[in-house]
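All the letters of the sequence shown, read from the start, carry residue numbers 22 to 419 under the working numbering.
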Amino acid sequence: MRFVDEVSIKVEAGAGGNGCSSFRREKFIPFGGPDGGDGGAGGDIVVLADANTNTLVDYRYTRSFRAERGQNGSGANCTGRGAPEVLLRVPLGTTVIDEDSGELLGDLLEAGQRLRVAAGGRGGLGNTHFKSSTQRAPTKALPGLPGEERSLRLELKVVADVGLLGLPNAGKSTLLRAVSAARPKVADYPFTTLVPNLGVVDVDRHRSFVMADVPGLIAGAAQGAGLGIRFLKHLARTRILVHLVDLCPVDDSDPAEAVRTIEAELAAYSPALLRLPRWLVLNKIDALSEEEQRERRDKLVAELGFGGPVYLISGLAGLGTQSLCRDLLQLIESERQRLLEDPQAAQEEHDLRLRIQEEGRARIDALAAERRAARQRAAGGGDEDDGDDADVESVYVR
Numbered sequence: 022m023r024f025v026d027e028v029s030i031k032v033e034a035g036a037g038g039n040g041c042s043s044f045r046r047e048k049f050i051p052f053g054g055p056d057g058g059d060g061g062a063g064g065d066i067v068v069l070a071d072a073n074t075n076t077l078v079d080y081r082y083t084r085s086f087r088a089e090r091g092q093n094g095s096g097a098n099c100t101g102r103g104a105p106e107v108l109l110r111v112p113l114g115t116t117v118i119d120e121d122s123g124e125l126l127g128d129l130l131e132a133g134q135r136l137r138v139a140a141g142g143r144g145g146l147g148n149t150h151f152k153s154s155t156q157r158a159p160t161k162a163l164p165g166l167p168g169e170e171r172s173l174r175l176e177l178k179v180v181a182d183v184g185l186l187g188l189p190n191a192g193k194s195t196l197l198r199a200v201s202a203a204r205p206k207v208a209d210y211p212f213t214t215l216v217p218n219l220g221v222v223d224v225d226r227h228r229s230f231v232m233a234d235v236p237g238l239i240a241g242a243a244q245g246a247g248l249g250i251r252f253l254k255h256l257a258r259t260r261i262l263v264h265l266v267d268l269c270p271v272d273d274s275d276p277a278e279a280v281r282t283i284e285a286e287l288a289a290y291s292p293a294l295l296r297l298p299r300w301l302v303l304n305k306i307d308a309l310s311e312e313e314q315r316e317r318r319d320k321l322v323a324e325l326g327f328g329g330p331v332y333l334i335s336g337l338a339g340l341g342t343q344s345l346c347r348d349l350l351q352l353i354e355s356e357r358q359r360l361l362e363d364p365q366a367a368q369e370e371h372d373l374r375l376r377i378q379e380e381g382r383a384r385i386d387a388l389a390a391e392r393r394a395a396r397q398r399a400a401g402g403g404d405e406d407d408g409d410d411a412d413v414e415s416v417y418v419r
């Protein structure tokens, strides 16, 4: 199955049907008068959030969608049939953006949520509407109005409460497997995770949250190294960032340097992303004694000057994962309640999410432009574009 998280499409709503110019012709009624009906309305283009859809792959190759036009009016004051709407089903968490203006048209977060992205044209008026005391036999009828046309960009951002981030092989997928029913691929080589994975963490009866495992980052990801930074946009909706750090790396690398690397890439993608609550989770403690765990934790916290929550866990052995999940759920529930009770805080949260999205989009577009320019220079300065820019639309095979 292909995972596609960003596509560009064109939509065109249907035009309205034409109004009819006709007159009543009936035996023994010499002056029946006008009886032309109105044209039917053109079909709308509607984007529908579907809980059973997980990717935008359906729009990878079919990128143009057109609704039917309305039926023309007819005599006997018969209005033309309105055209049916065209439904475009997308996953939850899809953002719809007008490519021409850059306007955010909508954010589809709930199953069944609908967004009309192109309105069908109104049907034309029949000649019945133009009769008067001085104009008893009008022949005028109006044509239907054209439907709206738009170029849209659909962006999928997974909907999760907690986002896992860290270097490759930090144990993100292992932790997700340990605390949820998700089964992401786990192996002893980097970049095992190529697409975001979601898991529902059940902490107590009817109390749970969603955790997202995002592909690992490496130094230079902001310049396109590794899988790049485009998957960081999936963290824009999370409430808490869980930064996983390998406390016992096999290559004897410095855990503090690993933390700084991720912080630098987050700042390069979106400085506002660093304003989200971030917890430091030190993984793979099963390879260390309790004394070594405390020593390495204290040294790392002191070196970084980190003031947030710090946890010691082992995703493989399941050590410390239950207390971590309980504390995460407690913070998530308290944040939900706070935003419900404080409208000002909810507005500030909304503004922060928009800022993260704008900064991230600007960074991804800038990186795409740099790569296109580099390809053109390598090709001898040509201006041709192959139309399949991997920086604008990434596709990976699951």
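Ideal placement from N, C-alpha and C gives every residue a C-beta, glycine not left out.
| Query | Result |
| --- | --- |
| Own chain residues within Cβ distance below 7 Å of residue 146, not counting five before or after | 40, 59, 162 and 163 |
| Member of 159, 217, 154 and 229 whose CA lies at the smallest distance from the CA of residue 237 | 217 |
| Where residue 290 falls, given that 16 or more other Cβ within 10 Å makes a residue buried | buried |
| Coil, strand or helix - residue 27 by DSSP | strand |
| Sequence-distant residues of the same chain with beta carbon closer than 6 Å to residue 26, five excluded per side | 177 |
| Inter-residue CB distance, residue 214 and residue 182 (contact presumed, cutoff 8 Å) | About 19 Å; that fails the 8 Å criterion. |
| Distance between beta carbons of residue 188 and residue 239, contact taken as under 8 Å | 7 Å |
| Helix, strand or coil at residue 255 according to DSSP, with G and I counted as helix | helix |
| Straight-line gap, residue 108 to residue 221 (C-alpha atoms, nearest Å) | 29 Å |
| Classification of residue 314 by the beta-carbon crowding that lies within 10 angstroms, buried from 16 upward | buried |
| Where residue 304 sits in the DSSP three-state scheme | strand |
| Residue 290: first and last residue of the uninterrupted alpha helix (DSSP H) it sits in | 276–290 |
| Residue(s) in a DSSP beta bridge with residue 212 | Residue 212 pairs with nothing; no bridge assigned. |
| Contact check, residue 300 vs residue 263, beta carbons under 7 Å | yes |
| Neighbourhood of residue 128 by C-beta distance below 7 Å, restricted to the same chain and skipping five residues each side | 116 |
| Residue 96 versus residue 126: straight-line alpha-carbon distance, rounded | 40 Å |
| Helix, strand or coil at residue 298 according to DSSP, with G and I counted as helix | coil |
| Helix, strand or coil at residue 1 according to DSSP, with G and I counted as helix | Summary: the structure shown does not reach residue 1, with the chain confined to residues 22 through 419, and so no result is reported for it. |
| Close beta carbons around residue 173, own chain, < 8 Å, minus the five adjacent residues each side | 29, 30, 31, 32, 117, 118, 119, 120, 126 and 138 |
| CB of residue 142 within 7 Å of CB of residue 93, strictly | no |
| Own chain residues within Cβ distance below 8 Å of residue 279, not counting five before or after | 187, 188, 191, 266, 267 and 270 |
| Buried or exposed by the 16-neighbour rule on C-beta atoms within 10 Å, applied to residue 104 | buried |
| Neighbourhood of residue 349 by C-beta, 7 Å cutoff - its chain only, sequence neighbours within 5 removed | 183, 230 and 261 |
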